[in-house]
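**Q** Residue numbers (this note's numbering), protein chains in the order written: chain A, 58 to 478; chain B, 99 to 669.
Shown below is the structure under consideration.
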Amino acid sequence: MTACEVPTKVERPVLRERGQHEVFCGLTGIVWLHRKIQDAFFLVVGSRTCAHLIQSAAGVMIFAEPRFATAILQDKDLAGLTDANEELDRVVNRLLARRPDIKLLFLVGSCPSEVIKLDLSRAALRLSKQHAGAVRVLNYSGSGIETTFTQGEDACLASMVPELPQAASTAPELLVVGSLPDVVEDQFQRLFERLSIPVRFFPPRRSTSLPSMGPGTRFLLAQPFLADTARRLEERGATRLAAPFPFGVEGTTAWFQAAARAFDVSDDRFAAAIEPAAARAKVALQGAKQRLAGKRIFFFPDSQLEVPLARFLSRELDMQLVEVGTPYLHQEHLSAELALLPPDVTVSEGQDVERQLDRCRAARPDLVVCGLGLANPLETQGLTTKWSIELVFTPVHGFDQAGDLADLFARPLVRRTRLEV
Amino acid sequence: MQLTVWTYEGPPHVGAMRVATAMRGVHYVLHAPQGDTYADLLFTMIERNPARPPVTYTTFQARDLGKDTAELFKKSAREAYERFKPELVLVGASCTAELIQDDPAGIGQTIGIPVPVVPVEFSAYQHKENHGASETFYRLARACTGNGAPRSGAPADPKTCNVLGPTALGFRHRDDVTEVCRLLAQLGVKVNVVAPLGASPGDLARLPDAAFNVVLYPELAETTARWLQKTYGQPMVSVVPIGVGATKDFVTRVATLAGVDPAPALSGMGSRLPWYSRSVDSTYLTGKRVFIFGDASHVVAAARVASEELGFTVVGLGTYSRELARDVRAAAQKYGVPALISDDHLEVEETIAALHPELVLGTQMERHIAKRLGLPCAVISAPVHVQDYPARYSPQMGFEGANVLFDTWVHPLMMGLEEHLLSMFREDFEFADGAGPSHLGAHAPKGAVTRGESSPHAGEVRAAAAPAALAPPGQVAPTLLGTAHVEASEGAGSEPAAITSPAQPSAPPKQEPPAGATVSTWTVEAEKELKKIPFFVRGKAKRNTERFAQERNIALITLETLYDAKAHFRS
Numbered sequence: 058m059t060a061c062e063v064p065t066k067v068e069r070p071v072l073r074e075r076g077q078h079e080v081f082c083g084l085t086g087i088v089w090l091h092r093k094i095q096d097a098f099f100l101v102v103g104s105r106t107c108a109h110l111i112q113s114a115a116g117v118m119i120f121a122e123p124r125f126a127t128a129i130l131q132d133k134d135l136a137g138l139t140d141a142n143e144e145l146d147r148v149v150n151r152l153l154a155r156r157p158d159i160k161l162l163f164l165v166g167s168c169p170s171e172v173i174k175l176d177l178s179r180a181a182l183r184l185s186k187q188h189a190g191a192v193r194v195l196n197y198s199g200s201g202i203e204t205t206f207t208q209g210e211d212a213c214l215a216s217m218v219p220e221l222p223q224a225a226s227t228a229p230e231l232l233v234v235g236s237l238p239d240v241v242e243d244q245f246q247r248l249f250e251r252l253s254i255p256v257r258f259f260p261p262r263r264s265t266s267l268p269s270m271g272p273g274t275r276f277l278l279a280q281p282f283l284a285d286t287a288r289r290l291e292e293r294g295a296t297r298l299a300a301p302f303p304f305g306v307e308g309t310t311a312w313f314q315a316a317a318r319a320f321d322v323s324d325d326r327f328a329a330a331i332e333p334a335a336a337r338a339k340v341a342l343q344g345a346k347q348r349l350a351g352k353r354i355f356f357f358p359d360s361q362l363e364v365p366l367a368r369f370l371s372r373e374l375d376m377q378l379v380e381v382g383t384p385y386l387h388q389e390h391l392s393a394e395l396a397l398l399p400p401d402v403t404v405s406e407g408q409d410v411e412r413q414l415d416r417c418r419a420a421r422p423d424l425v426v427c428g429l430g431l432a433n434p435l436e437t438q439g440l441t442t443k444w445s446i447e448l449v450f451t452p453v454h455g456f457d458q459a460g461d462l463a464d465l466f467a468r469p470l471v472r473r474t475r476l477e478v
Numbered sequence: 099m100q101l102t103v104w105t106y107e108g109p110p111h112v113g114a115m116r117v118a119t120a121m122r123g124v125h126y127v128l129h130a131p132q133g134d135t136y137a138d139l140l141f142t143m144i145e146r147n148p149a150r151p152p153v154t155y156t157t158f159q160a161r162d163l164g165k166d167t168a169e170l171f172k173k174s175a176r177e178a179y180e181r182f183k184p185e186l187v188l189v190g191a192s193c194t195a196e197l198i199q200d201d202p203a204g205i206g207q208t209i210g211i212p213v214p215v216v217p218v219e220f221s222a223y224q225h226k227e228n229h230g231a232s233e234t235f236y237r238l239a240r241a242c243t244g245n246g247a248p249r250s251g252a253p254a255d256p257k258t259c260n261v262l263g264p265t266a267l268g269f270r271h272r273d274d275v276t277e278v279c280r281l282l283a284q285l286g287v288k289v290n291v292v293a294p295l296g297a298s299p300g301d302l303a304r305l306p307d308a309a310f311n312v313v314l315y316p317e318l319a320e321t322t323a324r325w326l327q328k329t330y331g332q333p334m335v336s337v338v339p340i341g342v343g344a345t346k347d348f349v350t351r352v353a354t355l356a357g358v359d360p361a362p363a364l365s366g367m368g369s370r371l372p373w374y375s376r377s378v379d380s381t382y383l384t385g386k387r388v389f390i391f392g393d394a395s396h397v398v399a400a401a402r403v404a405s406e407e408l409g410f411t412v413v414g415l416g417t418y419s420r421e422l423a424r425d426v427r428a429a430a431q432k433y434g435v436p437a438l439i440s441d442d443h444l445e446v447e448e449t450i451a452a453l454h455p456e457l458v459l460g461t462q463m464e465r466h467i468a469k470r471l472g473l474p475c476a477v478i479s480a481p482v483h484v485q486d487y488p489a490r491y492s493p494q495m496g497f498e499g500a501n502v503l504f505d506t507w508v509h510p511l512m513m514g515l516e517e518h519l520l521s522m523f524r525e526d527f528e529f530a531d532g533a534g535p536s537h538l539g540a541h542a543p544k545g546a547v548t549r550g551e552s553s554p555h556a557g558e559v560r561a562a563a564a565p566a567a568l569a570p571p572g573q574v575a576p577t578l579l580g581t582a583h584v585e586a587s588e589g590a591g592s593e594p595a596a597i598t599s600p601a602q603p604s605a606p607p608k609q610e611p612p613a614g615a616t617v618s619t620w621t622v623e624a625e626k627e628l629k630k631i632p633f634f635v636r637g638k639a640k641r642n643t644e645r646f647a648q649e650r651n652i653a654l655i656t657l658e659t660l661y662d663a664k665a666h667f668r669s
């Protein structure tokens, strides 16, 4: 299919492609979001395919009754939408009766619910009224026709922004936006405390403790895929602090720096708070750096983390970037990142998987970052791969995870050198 | 709308993918939104296929819906043909594409691809994966034989058959085919075509050349076999050769159809199962209460093996395959138990919890249910998991398959025995109650296993690892041994945390409903005696005793009450 090089604002050619996209849809985000917001339930209104996708992406993890489910549309639901709404109410009531611990219910739209134009925002309003005081009901779309993988989290968080209470004061406060593993959140909290910056995290661990916001709110994105959430926060008067993303020593330092500047933290104080962690992280990178320096890496599009990760691998581990594919390139949020990429790398947006595979095989990179559908077939062809999904499910942000992040890339190469079968 | 937490079967187009991926020379062009490509990972990660499934997805997005998605389909189909040059193209739609009504089937006929284009259409809001696979195989068989064109040439050699049913992503299909073909070879029966697994469209064209058909997986191949029977007069062997008895029946049926002597296949060593089952160490298997759930044909076969070849008692069985519910109902009637026909895993869980079986034979879903309930379990059916693709040869069918069944079903019970022995010796310092099971916690931190102490840490190890237990009554436990007959596993009730990712905290354990208020109290001796009961039946014994006491208004439970209750529930 068509591929053309279009110069963009950052004067970096971006290869834009439209063909088969080998990516997850936004429903996949439920797998980590339901772990993050512990009193939330995610009800996908969709098809058997949706249920099958989430279960396949999650692995068969049936240890606990999970806080997500699918209301599978059936023939009779398609026949009349009135019935579909009645059915939805019935399913939700059954669910909430079964799970009285749930305080926040997301109705999650899917491809089929979008195509039949089932209005989940009205359903959410209706159900919110019915369960007023006990359960808040919100809706967002995780459909593949509208969202790619991590965009599901963006849609989810964006749906929560109108729910954030208005702050009583206009005093400046920092909001860190994007779901982070609790361990990382706690580390960040401690560092912000050392900088004396008042900070809240969004999404919260419990829906009953939503952070408040007001004109004094400054926010830092912890993830590069939160375009709609950021826009909605800005619409409510919050100010985004532009920064690279907190991956690696450089990215994390710059990220904290952006907050420190906005909150008038002195350089001395910043250095005293941040330098020990940064120094420790540099040490942790040394082992992986020996293995990764000079190695050529190729990214297939997956989570939108590709550009910041490529920047980290290139600048801190001396890897050579062949192609950095991303499903969607948010020029504004990524401007600091793009500026740090070497000039000769191909940045591609969107996908035509067959053409991209052709390019990848021709380039023979040392390491390919790709989805689970492509990894084993590429390994069979002699390429070494890293599953991209692990980068989303593993704590990789911040100083104390920089070494772990580097190791994720080094491990497949180490394994190659060990095996003699 | 059906509220679903986990599904036993995927959507029908995944069934079509299983057929396309199994075959050679077939490419499937699927009209589907972005995101449906997740299905590729089932094949590359669960089955560890070295190649991508031969599927091209149109991956349309919202912005395409306003334009011409039919044009996108045409373009994708043409490009897929040019790139992959298949011998045959399958065209179809996933659930979302079905709604936008672009008619891929119709388009497929008009786009000038110079090889056969076979449409497969499902009702995705009604049907499921196995139906999709079965229907796809049937459509392909029809298309490749010229829609049932009369066969020319010499009559088929009576000693030839087709082996129908194995697909990609099947439960042990790879090894079952090898085992069944070996049996057929022993009988002197030639295999004309194995399909869909490994077959090309050209091979399907040769299906009519066989004298009869062997149907390994009725869920996937019975429709095709019936059509072949009607069209080409090929009778079918529908005995599923799982277990020694069924394998013998299979051999006899094949020999009759082929006009050969069954003796060579029956007289050999066959399986070790019969002798192992008669060996006295297997006495403890007698009457083990087993619950069986899975696809219909594996469930029916497993029930026969459990009952006739291992001496278990089938206490319940069921299937998620509504298409073959009748077969499962018939089997249930034979064992005098109700059949559970359901694809709601919560309902399956409730049934298992209520039946208190000593062994669960099920799918990966039931494995997790059993883990939660602290019951031993062996997996006998799809849906599949990466564990269902062992590196070793591990068929379910034929005589070797029977050996595999013996090992995989009895092993979890043996692990239970080990657990039990450990708990018997718990007064010994090496085996203190706080120590973990030997296969997990043998080298637990010092201090965790010292006499009389059980550190919180060791307790956690135990709680997390306890489930796999089940004791052989009559064989080991002292004093209150008889109560081991009561089927329960309360002692292992603590729930392992869900580990979805190292990044996230584990799930809060599901709260057990509060136990009914107890009016009776226990004497010290009685309580001490209670602790001698193996942990996995202790809870049941306690509850039974308390119920016994309450019903008789006994306020203080003594040693006598305990043994009176035991005798009462034994009778």
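Glycine included, each C-beta is placed from N, C-alpha and C at the ideal position.
Note down, one range per segment and in chain order, each alpha helix (DSSP H) of at least 4 residues found wholly within the stretch 125-188 of chain B.
**A** Taking only runs of at least 4 residues, the alpha helix (DSSP H) segments lying wholly in the stretch 125-188 of chain B are 160-163 and 167-182.
**Q** For A/VAL63, would you say it is in contact with chain B, using Cβ-to-Cβ distances shorter than 8 angstroms as the test?
**A** The residue you call residue 63 of chain A lines up with position 6 of the first sequence. Bear in mind that the predicted position of A/VAL63 carries a pLDDT of just 37, short of 50, making it unreliable; the figure below should be weighed with that in mind. For A/VAL63, the answer is no, since every Cβ of chain B falls outside 8 angstroms of its Cβ.
**Q** For B/ARG150, I'd like the list of residues in its chain whose CB is within less than 8 angstroms of its CB, leaving aside the five on either flank, ordered along the chain.
**A** Taking the first residue of the second sequence as position 1, residue 150 of chain B is located at position 52. For B/ARG150, where only same-chain residues beyond five positions count, the Cβ hits under 8 angstroms are ASP138, PHE141 and THR142.
**Q** I'd like to know whether the C-beta of B/TRP104 is nearer than 8 angstroms to at least one C-beta of chain A.
**A** Walking along the second sequence from the start, residue 104 of chain B turns up at place 6. Output row for B/TRP104: interface = yes.
**Q** Answer yes or no: the CB of B/VAL189 versus the heavy atoms of the ligand FMN, is any distance below 7 angstroms?
**A** You won't find the ligand FMN in this model; it holds no ligand whatsoever.
**Q** Among A/PHE282, A/THR296 and A/PRO399, which residue has its Cα nearest to the Cα of A/GLY273?
**A** Locating residue 273 of chain A in the first sequence gives position 216, counting from the first residue. Checked all of A/PHE282, A/THR296 and A/PRO399; the closest Cα to A/GLY273 is A/THR296.
**Q** Going straight from the alpha carbon of B/GLY331 to that of B/PRO248, what length do you get?
**A** As a first step, residue 331 of chain B must be located in the second sequence, where it is residue number 233. As a first step, residue 248 of chain B must be located in the second sequence, where it is residue number 150. Looking at the two C-alpha atoms, the distance is approximately 11 angstroms.
**Q** At 8 angstroms on the CB atoms, spell out the chain A contacts of B/GLY193, in chain order.
**A** The sequence position of residue 193 of chain B within the second sequence is 95, counting from 1. The sequence given here places Cys at residue 193 of chain B; Gly does not occur at that position. Neighbours of B/CYS193 on chain A, chain order: SER104, ARG105, THR106, CYS168 and PRO169.
**Q** What is the DSSP secondary structure of B/GLN199, counted as helix, strand or coil?
**A** Walking along the second sequence from the start, residue 199 of chain B turns up at place 101. Three-state DSSP puts B/GLN199 in coil, outside helix and strand.
**Q** If distances are taken between C-alpha atoms only, which option among B/SER250, B/ALA175, B/ARG176 and B/THR167 comes closest to B/GLN199?
**A** What you label residue 199 of chain B is simply residue 101 of the second sequence in a count that begins at 1. For the residues B/SER250, B/ALA175, B/ARG176 and B/THR167, the minimum Cα distance to B/GLN199 belongs to B/THR167.
**Q** Pick helix, strand or coil for B/ILE652, following the three-state DSSP scheme.
**A** As a first step, residue 652 of chain B must be located in the second sequence, where it is residue number 554. B/ILE652: coil per DSSP, three-state reduction.
**Q** Using alpha carbons as the reference points, say which of A/ARG263, A/ARG372 and A/PRO255 lies closest to A/LEU277.
**A** Position 220 of the first sequence, counting from 1, holds the residue named residue 277 of chain A. Taking only the C-alpha atoms, the option nearest A/LEU277 is A/PRO255.
**Q** Given this structure, state the Cα-to-Cα distance separating A/GLN246 from B/ALA118, to the nearest angstrom.
**A** For the purposes of this step, residue 246 of chain A is identified with residue 189 of the first sequence, where counting begins at 1. For the purposes of this step, residue 118 of chain B is identified with residue 20 of the second sequence, where counting begins at 1. Approximately 52 angstroms, taken between the alpha carbons.
**Q** Give a yes or no on whether the minimum CB-CB distance between B/LYS386 and chain A is below 8 angstroms.
**A** Taking the second sequence and counting its residues from 1, the one referred to as residue 386 of chain B is at position 288. With 8 angstroms as the cut-off, B/LYS386 does not count as an interface residue toward chain A.
**Q** Between the stretch 125-134 of chain B and the stretch 140-149 of chain A, do three or more beta carbon pairs fall short of 8 angstroms?
**A** No: the two stretches stay apart, fewer than three of their Cβ pairs being nearer than 8 angstroms.
**Q** Which full runs of the beta strand (DSSP E) of 3+ residues lie inside the stretch 351-393 of chain B, going along the chain?
**A** Runs of the beta strand (DSSP E) inside the stretch 351-393 of chain B: 387-392.
**Q** Between B/ALA394 and B/VAL426, is the Cβ-Cβ spacing less than 8 angstroms?
**A** One-based indexing of the second sequence puts residue 394 of chain B at position 296. One-based indexing of the second sequence puts residue 426 of chain B at position 328. Going by C-beta atoms, B/ALA394 is nearer than 8 angstroms to B/VAL426.
**Q** So, at 7 angstroms on beta carbons, what are the nonlocal neighbours of B/VAL413 in its own chain, with the 5 sequence-adjacent residues on each side left out?
**A** Residue 413 of chain B sits at position 315 when you count from the first residue of the second sequence. Only ARG387, VAL388, PHE389, VAL435, LEU453 and PRO455 meet the Cβ criterion.
**Q** Using the C-alpha atoms, what's the distance from B/ARG240 back to A/LEU465?
**A** As a position in the first sequence, residue 465 of chain A is number 408, starting the count at 1. As a position in the second sequence, residue 240 of chain B is number 142, starting the count at 1. Cα-Cα distance, rounded: 49 angstroms.
**Q** What residues in its chain sit with their C-beta under 8 angstroms from that of A/GLU220, if we drop five residues either side in the sequence?
**A** Your numbering for residue 220 of chain A matches position 163 in the first sequence. Result list for A/GLU220: ARG193, LEU195 and LEU267, in chain order.
**Q** Can you find a C-beta in chain B that's less than 8 angstroms from the C-beta of A/ASP464?
**A** Reading the first sequence from its first residue, position 407 is the one you call residue 464 of chain A. Cβ-Cβ to chain B under 8 angstroms: no for A/ASP464.
**Q** Span of the alpha helix (DSSP H) holding A/CYS168?
**A** In the first sequence, residue 168 of chain A corresponds to position 111, counting from 1. Per DSSP, A/CYS168 belongs to the alpha helix (DSSP H) from 168-172.
**Q** With a 10 Å radius around its C-beta and 16 neighbouring C-beta atoms as the bar for buried, classify B/VAL559 as buried or exposed.
**A** Locating residue 559 of chain B in the second sequence gives position 461, counting from the first residue. Note that B/VAL559 has pLDDT 31, beneath the 50 cutoff, so the model's placement of it is unreliable and no number is given.
**Q** Mind pulling the beta strand (DSSP E) runs of 3 or more residues that sit fully within the stretch 434-465 of chain A?
**A** If we require 3 residues or more, the beta strand (DSSP E) runs fully inside the stretch 434-465 of chain A come out as 442-444.
**Q** Check this for me: beta carbons of A/ALA115 and B/THR105, under 8 angstroms apart or not?
**A** On the first sequence, position 58 is the one that residue 115 of chain A refers to. On the second sequence, position 7 is the one that residue 105 of chain B refers to. Not closer than 8 angstroms, so no.
**Q** Between B/LYS346 and A/GLY209, what straight-line distance do the alpha-carbon atoms span, to the nearest angstrom?
**A** Translated into positions along the second sequence, residue 346 of chain B becomes position 248. Translated into positions along the first sequence, residue 209 of chain A becomes position 152. Roughly 54 angstroms between the two C-alpha positions.
**Q** Is there a Cβ from chain A that is less than 8 angstroms from the Cβ of B/ALA567?
**A** Translated into the one-based positions of the second sequence, residue 567 of chain B becomes position 469. Low confidence applies here, because B/ALA567 scores a pLDDT of 29, under 50, leaving its location unreliable and the question unanswered by this model.
**Q** Go ahead and label B/THR384 buried or exposed: buried means 16 or more other beta carbons lie within 10 angstroms of its beta carbon, across all protein chains shown.
**A** To locate residue 384 of chain B, count along the second sequence from 1; it is residue 286. Classification for B/THR384: exposed.
**Q** Kindly indicate if chain A contains any beta-carbon less than 8 angstroms away from that of B/MET115.
**A** On the second sequence, position 17 is the one that residue 115 of chain B refers to. Chain A contact via Cβ: absent.
**Q** Suppose the cutoff is 6 angstroms on Cβ atoms and the five residues either side in sequence are ignored; what does the same chain contact list for A/ALA228 look like?
**A** What you label residue 228 of chain A is simply residue 171 of the first sequence in a count that begins at 1. Closer than 6 angstroms at Cβ, skipping near neighbours: GLY273.
**Q** May I ask which residues mark the beginning and end of the alpha helix (DSSP H) holding B/LYS671?
**A** Outside the modelled stretch of chain B, which goes from 99 to 669, sits residue 671 of chain B, for which no answer is possible.
**Q** When you compare the CB of B/ASP134 with every CB in chain A, is at least one pair closer than 8 angstroms?
**A** Working through the second sequence from its first residue, we reach residue 134 of chain B at position 36. So yes, B/ASP134 belongs to the interface.
**Q** Does chain B have any CB closer than 8 angstroms to the CB of A/THR127?
**A** Taking the first residue of the first sequence as position 1, residue 127 of chain A is located at position 70. So yes, A/THR127 belongs to the interface.
**Q** At 8 angstroms on the CB atoms, spell out the chain B contacts of A/ILE87, in chain order.
**A** In the first sequence, residue 87 of chain A corresponds to position 30, counting from 1. In chain order: nothing, as chain B lies at least about 11 angstroms away.
**Q** What are the residues that DSSP puts in a beta bridge with B/GLY190?
**A** Stepping through the second sequence from its first residue, residue 190 of chain B is reached at position 92. Beta-bridge pairing links B/GLY190 to B/LEU128.
**Q** According to DSSP, simplified to helix, strand and coil, what is B/THR119?
**A** Within the second sequence, residue 119 of chain B is the residue found at index 21, counting from 1. Helix.
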